[in-house]
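The sequence shown begins at 238 in my numbering and counts up one residue at a time.
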Amino acid sequence: MPDVQRIFVAQGLRAFAYGLGSVLLGLTLEERGWSSTELGALLTAVVAGTGLMSVVIGAFGDRLGRRRSYSMLFVGLGLAGLVFGLSDNFWLLAIVALTGTLSTEVVESGPFTSLEQSMIAGSVPPALRGRTFAMYNAAATIAGSAGALAAGGPSLLRDSLGLPADERFFLTLIPVALLGAMVALSLSPSVETEAKRTSFAGLGRSRSTVTRLAGLFAVDSLAGGFVVQAFIAYWFRLKFGVSPEVLGLLFFGVGVMQTASFLAAGRLAERFGLLNTMIFSHIPSNVLLAAIPFAPTLAVAIALLLCRQSLSQMDVPTRQAYISNLVDPPERTAAAAYTNTARYVVRPMGPALAAVAQQIALGAPFVIAGTLKIGYDLTLWAWFRRVPLDDGGEEVTAVAASGVEPIAPGTQ
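See the structure below:
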């Protein structure tokens, strides 16, 4: 089996567990009598841990070895599942959340994703990266949707899989982690970095480009932190009294729409370019996001969410391919890690601020997130629209006004 397919398998295993958790985490904590502030604090710890571990991977991942680092992350995932499955002590859970191996989302998983991006980019030619990253994210979404369905879908499906209906579902992370670690160690030596790192930080001439992208991604991530999937489930529960069964089916539908979004992104990027696909799918999705709290009925809210999800994820595979195509091969792990880190450094503020905003208006986080994300889209377009990519995927020119360092073709 090729390395890319093995990575798809590892990501799929992890996504199934995260899909399960995205539905049950908020509901389980609510049933324990935890307040929205405590829920926000724990989600903040999860996201903060993701950022901290991404920094570690960016600085030391290639030096330790990509395969070894990848397998160690899976070991951490198993330990986190053990503690979350057996303990209800808030402080212990918060400490374990800081390992960076848990996730409030299904697709992007911080340090895991940083390593996977660099390994995938080195395994496929530039022209195919957009489509490959689209399939990579689609596979994760399908697995995550299956996890969500198993958590809140038909009881027959849940019973047939032997999955518990309470916090013990976290114990499923243990076999997932063991299988993932085995897959990580089975990858070939070709996934390791091909050249010596240019500096301790791992960035050379792409430093300016990565810095700008990281700043923009931080804004987008802060906005996304207001509406993490676990918090959306919590909002639907409070607003409409939605049952776990309905939530499971809803997020299964969300996963289906995300999968279609990923696959369409790969095709659209080949036709219209990576940046155009990122921007002009993201803006309308954020308008729909801001409209969700104004929905008069559950049916309208669900329709808005599903329409939003059909567009919102097109920027994920295109962004991953865009970063890979802008930097030299030895800098890919660092570039992916630092742009991911920028996303997670500010993202912990999102759930905490959302909890505060909900005290003012229950739907305020949706409006705030949509507004910030539209601002991010417009700024990204203004800064990078004149930095085109050729068919091979390398940067071919840069306009001085953009302030972005050009990366010459022929670096692959």
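From the three backbone atoms N, C-alpha and C, an ideal C-beta is built for every residue, glycine too.
- In the three-state DSSP reduction, Gln550 falls in the coil class, being neither helix nor strand.
- Gly277 and Ala594 do not touch by the CB rule: their CB atoms are close to 10 angstroms apart, not below 8 angstroms.
- Between the alpha carbons of Ala371 and Leu250 lies a gap of roughly 17 angstroms.
- For Ile244, the closest C-alpha among the options Val483, Pro363 and Ser425 is that of Ser425.
- Counting along the chain, the unbroken alpha helix (DSSP H) around Ile520 starts and ends at Leu511 to Ala528.
- Check the Cα spacing between Gly492 and each of Pro239, Ala252 and Ala247: the tightest is with Ala252.
- The criterion of a C-beta distance shorter than 8 angstroms is not satisfied by Ser324 and Leu316.
- Of the candidates Thr608, Thr576, Ala606 and Leu615, the residue whose Cα lies closest to the Cα of Val292 is Thr576.
- The three-state secondary structure of Pro585, taken from DSSP, is coil.
- Taking C-beta atoms as the reference points, Thr570 and Ser351 count as a pair closer than 8 angstroms.
- In the DSSP annotation of this structure, the continuous segment of the alpha helix (DSSP H) that includes Ala282 starts and ends at Ser273 to Leu301.
- Nearest Cα to Ser382 within the set Pro362, Thr496, Val447 and Met356: Thr496.
- Each residue's CA atom was taken as its position, placing Ala574 and Glu482 some 36 angstroms apart.
- When DSSP states are grouped into helix, strand and coil, Asn326 belongs to the coil group.
- Boundaries of the alpha helix (DSSP H) harbouring Phe349: Pro348 to Ala358, taken from the DSSP string.
- Here DSSP, grouped into helix, strand and coil, assigns Val537 to helix.
- The Cβ-Cβ distance between Tyr581 and Gly288 falls below 8 angstroms.
- Leu590 sits in a helix when the DSSP states are folded into three classes.
- At least 8 angstroms separates the beta-carbon of Leu365 from that of Leu475.
- Spanning the alpha carbons of Thr274 and Arg368 requires a straight line of approximately 40 angstroms.
- Cβ atoms of Met290 and Pro348 come within 8 angstroms of each other, at about 4 angstroms.
- Within the same chain, Cβ atoms closer than 6 angstroms to the Cβ of Asn523 are found at Gly607, Lys610 and Ile611, the five residues on either side in sequence being excluded.
- Listed in chain order, the non-local C-beta contacts of Leu339 below 6 angstroms within the same chain comprise Val283 and Ala317, local neighbours out to five positions each way being set aside.
- Ala421 and Cys544 have their C-alpha atoms spaced approximately 36 angstroms apart.
- Setting aside the 5 residues that flank it on each side, Leu617 is surrounded in the same chain by Leu453, each with a C-beta closer than 6 angstroms to its C-beta; the list follows chain order.
- Less than 8 angstroms divides the Cβ of Leu525 from the Cβ of Leu541.
- A Cβ-Cβ contact shorter than 8 angstroms links Leu280 with Val465.
- At a Cβ-Cβ threshold of 8 angstroms, Phe499 and Leu484 do not count as neighbours.
- Annotation for Val413: the continuous alpha helix (DSSP H) segment containing it runs Leu410 to Leu422.
- Contact between Gly384 and Gly587 does not hold, since their C-beta atoms are separated by about 23 angstroms, which reaches or exceeds 8 angstroms.
- Sequence-distant partners of Phe321 (beyond 5 residues in either direction) whose C-beta falls short of 8 angstroms from its own C-beta, in its chain, are Leu330, Val333, Leu339, Glu404, Phe407 and Leu410.
- Beyond the five residues adjoining it in sequence on each side, Phe489 comes within less than 7 angstroms, by CB distance, of Ser382, Ala385, Leu386 and Gly390 in the same chain, given in chain order.
- C-alpha of Pro566 to C-alpha of Tyr373: approximately 19 angstroms in a straight line.
- In the three-state reduction of the DSSP assignment, Asp565 falls in the coil class, being assigned neither a helical nor a strand state.
- Residue burial annotation: Pro602 is buried, with at least 16 other C-beta atoms found within 10 angstroms of its C-beta.
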